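K.L.:
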């Protein structure tokens with residue numbers, strides 16, 4: 001007998017640490033985690049594997065779980081016919097990558113989560129889809145009916161299904177190993193062509209890329225490529241002006257849209273409309289990292305205060321909501337609360353006025369487009385009037401309308417936002433996935449470190465350092481990095497993206513603090529990454545380590561998705577470390593990686609922007625900055641401030657403290673560098689040539705301005 005407090009069912013997922021898997025621990029489905037027990041059972045009993053891949057912030061994952069996996073009748077069919085395996089894609093991106101490719105092939109390029117894949121006991125896919133309703137609707141087959149049909153075919157036409165699975169497996173292998181080296185390789189002109197081709201796909205009214213539909217994702221990596229183009233060609237060039245307009249349009253509209261949390265900061269996953277108004281409300285740590293980084297870069301380039309403010313607000317949101325007491329960063333904040341997507345974030349006009357009073361309430365509603373008509377209609381509550389906060393008009397327009405000085409408008413809005421945020425915090429919040437992922441933490445460390453240095457905010461650099469200390473201390477075992485940590489339990493060997501992401505964060509931390517411990521940790525981590533993932537024969541890095549479990553293929557990918565590919569990030573790491581250390585071996589590995597992927601990257605324009613940014617670094621050459629001075633000295637800080645105020649997309653900074661002259665021997669960039677007339681100095685070098693050292697921030701500004 002069970003009571004209200006005792007679940008009727010408990011399956012093997014109760015032993016999992018992933019919050020997503022734990023959400024399914026009381027399903028009547030006899031779930032297994034991916035591992036030897038499940039795979040051996042499938043082989044022993046000759047049953048297909050039903051592989052369900054999702055993540056905790058996925059709205060439709062929750063829907064399918066409630067409709068089908070909590071259904072006793074459907075679960076009985078699944079348990080009878082299949083070995084059922086549940087996977088958190090954030091913990092096992094290797095499985096997600098392979099079987100998403102199968103899903104895309106079978107469904108004419110359509111894929112997503114929840115991912116539903118049926119495999120032979122040899123792990124070869126033969127049928128795949130995404131969300132299925134429990135009974136047929138939306139033009140989709142019912143999940144129970146589909147399971148029964150697949151089970152019947154497995155019994156009556158198993159040989160045919162296995163032959164189909166073999167062909168699909170071969171197609172997956174070929175698609176993930178396609179288009180390698182091609183004659184000619186990369187050039188700056190080729191990078192420019194990709195940038196301009198990407199620009200042609202941009203929405204010139206609202207910014208961003210719709211991709212043929214209405215959904216828009218923050219195009220952070222594409223905007224980075226645009227800024228690099230402008231930097232190389234000069235702001236006055238015609239195409240540069242066009243690209244700058246697209247960068248500013250996109251960042252302005254995102255900052256003012258519903259995709260941005262106007263009260264607490266932070267960016268939602270994507271917009272479901274072209275105007276950036278209605279988001280899919282989940283918040284991902286990696287989005288906070290990528291979006292804050294592009295706002296920091298754009299602030300350096302344009303000096304627009306809005307961009308600095310957005311970056312600060314994203315950083316503050318992450319530190320407030322996604323930072324663990326141990327210093328590492330949690331993964332996601334869900335879209336749903338109280339069973340409804342977005343409920344936590346939306347408002348009625350009456351709610352706003354009750355919290356703020358009539359006068360301030362009217363001002364706030366005018367500024368953020370809150371009305372009795374509403375601008376969003378919740379499909380879960382037909383007829384309900386809700387408002388997503390966004391900024392449809394420039395502040396100056398609202399100030400004039402209400403006969404206020406801009407400063408007074410901002411003061412009152414700041415106070416109003418604080419009051420509404422306190423009201424919102426009393427609501428039931430969306431769930432939070434509190435696992436710590438090495439890759440995403442590395443990305444956030446990198447953005448906080450660089451952003452803190454640019455903004456002059458020590459607390460952001462300190463938060464980055466504390467997160468790095470946590471990962472290096474708690475997410476290592478036997479000299480190797482681990483993918484995931486939660487509640488004191490460490491899980492899963494790390495992948496290339498984990499090593500590359502953390503490496504990037506450590507390099508940024510060194511350039512923000514000039515503490516040698518970060519560079520030394522980066523060097524050690526890079527050595528391990530090369531040992532585990534480097535392809536000595538062809539170049540490039542595999543996604544999984546050489547001793548990883550055998551899957552149907554070993555992926556070596558360069559395509560950026562929601563996060564940059566491991567090869568994209570690691571290429572930049574190799575290039576930066578090769579300059580810092582004067583290590584020709586690392587430069588050779590970088591060149592071999594570029595040669596290996598040239599055909600694929602240039603043949604799939606728009607799929608590898610982060611890789612192209614690294615190629616831009618390699619071909620245009622970085623600005624190499626050797627700073628000599630005590631980092632706590634005011635004169636040194638003035639020189640560093642000039643460097644950090646300047647947009648230099650490809651640059652390497654190292655510092656030699658005169659109190660520790662022996663450290664110069666560790667890097668050719670610092671060799672033979674000294675104070676100038678006893679004063680801190682900067683040596684600016686590029687393409688094997690150096691300018692005269694300068695002690696003057698004004699002269700340094702001139703030198704950096706001419707370093708294009």
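Numbering (my numbering), first residue to last: 1 to 708.
Even for Gly, the Cβ is constructed at its ideal location relative to N, Cα and C.
These numbers come from a predicted model, not from an experiment.
What is the residue span of the alpha helix (DSSP H) that residue 391 lies within?
P.N.:
Within the chain shown, residue 391 is the residue found at index 391, counting from 1. Where residue 391 is concerned, there is no enclosing alpha helix (DSSP H), given that its DSSP letter is neither H nor E.
K.L.:
For residue 222, collect the residues of the same chain with a Cβ closer than 6 Å to its Cβ; drop the 5 residues on either side in sequence, then sort them by chain order.
P.N.:
On the chain shown, residue 222 is found 222 positions in, with the first residue counted as 1. Answer for residue 222: 198 and 609, listed in chain order.
K.L.:
If you draw a straight line from the C-alpha of residue 360 to the C-alpha of residue 353, how long is it?
P.N.:
Along the chain shown, one-based indexing puts residue 360 at 360. Along the chain shown, one-based indexing puts residue 353 at 353. The straight-line gap from Cα to Cα measures roughly 8 Å.
K.L.:
Taking the alpha helix (DSSP H) that residue 220 belongs to, which residues open and close that run?
P.N.:
Sequence index remark: in the chain shown, residue 220 carries index 220 (1-based). Here the alpha helix (DSSP H) through residue 220 covers 220–233.
K.L.:
Measure the alpha-carbon distance for residue 388 versus residue 370 and round it to whole angstroms.
P.N.:
Taking the first residue of the chain shown as 1, we reach residue 388 at position 388. Taking the first residue of the chain shown as 1, we reach residue 370 at position 370. Roughly 8 Å separates the two Cα atoms.
K.L.:
Please report the distance separating the alpha-carbon of residue 118 from that of residue 495.
P.N.:
What you label residue 118 is simply residue 118 of the chain shown in a count that begins at 1. What you label residue 495 is simply residue 495 of the chain shown in a count that begins at 1. About 25 Å.
K.L.:
Can you give me the C-alpha to C-alpha distance between residue 654 and residue 669, rounded to a whole angstrom?
P.N.:
The count along the chain shown starts at 1 and reaches residue 654 at position 654. The count along the chain shown starts at 1 and reaches residue 669 at position 669. Using only the alpha carbons, I get a separation of about 8 Å.
K.L.:
Quick one: complete beta strand (DSSP E) runs, 3+ long, within the segment 79–156?
P.N.:
Complete beta strand (DSSP E) runs here, min 3: 83–88, 115–119 and 125–129.
K.L.:
Whole-angstrom Cβ separation of residue 116 and residue 102, contact assumed at under 8 Å?
P.N.:
Counting from 1 along the chain shown, the entry for residue 116 is found at position 116. Counting from 1 along the chain shown, the entry for residue 102 is found at position 102. Not really, about 11 Å apart at Cβ, beyond 8 Å.
K.L.:
So does the segment 542–558 actually touch the segment 482–492, counting three or more Cβ pairs closer than 8 Å?
P.N.:
Contact fails: fewer than three Cβ-Cβ distances are below 8 Å.
K.L.:
Quick check on residue 19: does DSSP put it in helix, strand or coil?
P.N.:
For this step, residue 19 is matched to residue 19 along the chain shown. Helix at residue 19.
K.L.:
Where does the unbroken beta strand (DSSP E) through residue 205 begin, and where does it stop?
P.N.:
In the chain shown, residue 205 corresponds to position 205, counting from 1. Where residue 205 is concerned, there is no enclosing beta strand (DSSP E), given that its DSSP letter is neither H nor E.
K.L.:
Output the distance between the C-alpha atoms of residue 48 and residue 498, rounded to the nearest integer angstrom.
P.N.:
Locating residue 48 in the chain shown gives position 48, counting from the first residue. Locating residue 498 in the chain shown gives position 498, counting from the first residue. Each residue's Cα considered, the two are about 32 Å apart.
K.L.:
By DSSP's criteria, residue 280 is part of a beta bridge. Which residues make up the other side?
P.N.:
Locating residue 280 in the chain shown gives position 280, counting from the first residue. According to DSSP, residue 280 bridges with 270.
K.L.:
In angstroms, rounded to a whole number, what distance separates the CA positions of residue 469 and residue 614?
P.N.:
Here residue 469 is taken as the residue at index 469 of the chain shown, counted from 1. Here residue 614 is taken as the residue at index 614 of the chain shown, counted from 1. When rounded, the distance between both Cα atoms is 27 Å.
K.L.:
Which value, in whole angstroms, describes the spacing of the CA atoms of residue 317 and residue 330?
P.N.:
For the purposes of this step, residue 317 is taken as the residue at position 317 of the chain shown. For the purposes of this step, residue 330 is taken as the residue at position 330 of the chain shown. Approximately 12 Å, taken between the alpha carbons.
K.L.:
Below 6 Å CB to CB, which residues in the same chain sit around residue 143 once its five sequence neighbours on both sides are set aside?
P.N.:
Counting from one through the chain shown, the residue named residue 143 turns up at place 143. 68, 132 and 134, listed in sequence order.
K.L.:
If we call anything under 8 Å between Cβ atoms a contact, is residue 577 one with residue 594?
P.N.:
Along the chain shown, one-based indexing puts residue 577 at 577. Along the chain shown, one-based indexing puts residue 594 at 594. Contact: no.
K.L.:
Compare the Cα-Cα distances from residue 715 to each of 344, 625 and 299 and report the closest residue.
P.N.:
No answer is possible for residue 715: the residues shown for the chain start at 1 and end at 708.
K.L.:
So which of 676, 35 and 195 has the shortest CA-CA distance to residue 225?
P.N.:
The sequence position of residue 225 within the chain shown is 225, counting from 1. Looking at the Cα atoms, 195 is the closest of the given residues.
K.L.:
For residue 508, which of 121, 455 and 573 has the nearest alpha-carbon?
P.N.:
What you label residue 508 is simply residue 508 of the chain shown in a count that begins at 1. Of 121, 455 and 573, the residue nearest in Cα terms is 573.
K.L.:
Throw me the rounded Cβ distance for the residue 709 and residue 269 pair, which I believe falls under 8 Å.
P.N.:
Any question about residue 709 goes unanswered here, given that the chain covers just 1 to 708.
K.L.:
Can you find at least 3 beta carbon pairs, one from the segment 88–105 and one from the segment 167–177, that sit closer than 8 Å?
P.N.:
Verdict: yes, contact present.
K.L.:
First and last residue of the beta strand (DSSP E) that includes residue 685?
P.N.:
Taking the chain shown and counting its residues from 1, the one referred to as residue 685 is at position 685. Note, residue 685: beta strand (DSSP E), 681–686.
K.L.:
Output needed for residue 124: all residues of its chain with C-beta closer than 8 Å, excluding positions within five of it in sequence on either side, in chain order.
P.N.:
Translated into positions along the chain shown, residue 124 becomes position 124. If we look at residue 124 and ignore the five residues flanking it on each side, its Cβ neighbours are 162, 165, 166, 168, 169 and 552.
K.L.:
Where do the N-terminal and C-terminal ends of the beta strand (DSSP E) with residue 447 fall, by residue?
P.N.:
Here the question's residue 447 lines up with position 447 in the chain shown. Note, residue 447: premise wrong, no beta strand (DSSP E); alpha helix (DSSP H) at 438–455.
K.L.:
Using the beta-carbon count (16 or more within 10 Å), is residue 365 buried or exposed?
P.N.:
Mapped onto the chain shown, residue 365 falls at position 365. Buried, by the Cβ-count rule.
K.L.:
Do residue 328 and residue 441 have their beta-carbon atoms positioned less than 8 Å apart in this structure?
P.N.:
Taking the chain shown and counting its residues from 1, one reaches residue 441 at position 441. Taking the chain shown and counting its residues from 1, one reaches residue 328 at position 328. Cβ atoms of residue 441 and residue 328: closer than 8 Å.
K.L.:
In angstroms, rounded to a whole number, what distance separates the CA positions of residue 34 and residue 237?
P.N.:
Residue mapping note: residue 34 aligns to position 34 of the chain shown, counting from 1. Residue mapping note: residue 237 aligns to position 237 of the chain shown, counting from 1. The alpha-carbon atoms of residue 34 and residue 237 are separated by roughly 54 Å.
K.L.:
Using DSSP bridges, identify the partner residues of residue 605.
P.N.:
Start at 1 with the first residue of the chain shown, and residue 605 comes out as number 605. Answer by DSSP bridge pairing: none, since residue 605 is not bridged.
K.L.:
Taking only the alpha-carbon atoms, compute the straight-line gap between residue 657 and residue 700 and give it to the nearest angstrom.
P.N.:
Taking the chain shown and counting its residues from 1, one reaches residue 657 at position 657. Taking the chain shown and counting its residues from 1, one reaches residue 700 at position 700. If you take the alpha carbons of residue 657 and residue 700, they lie about 19 Å apart.
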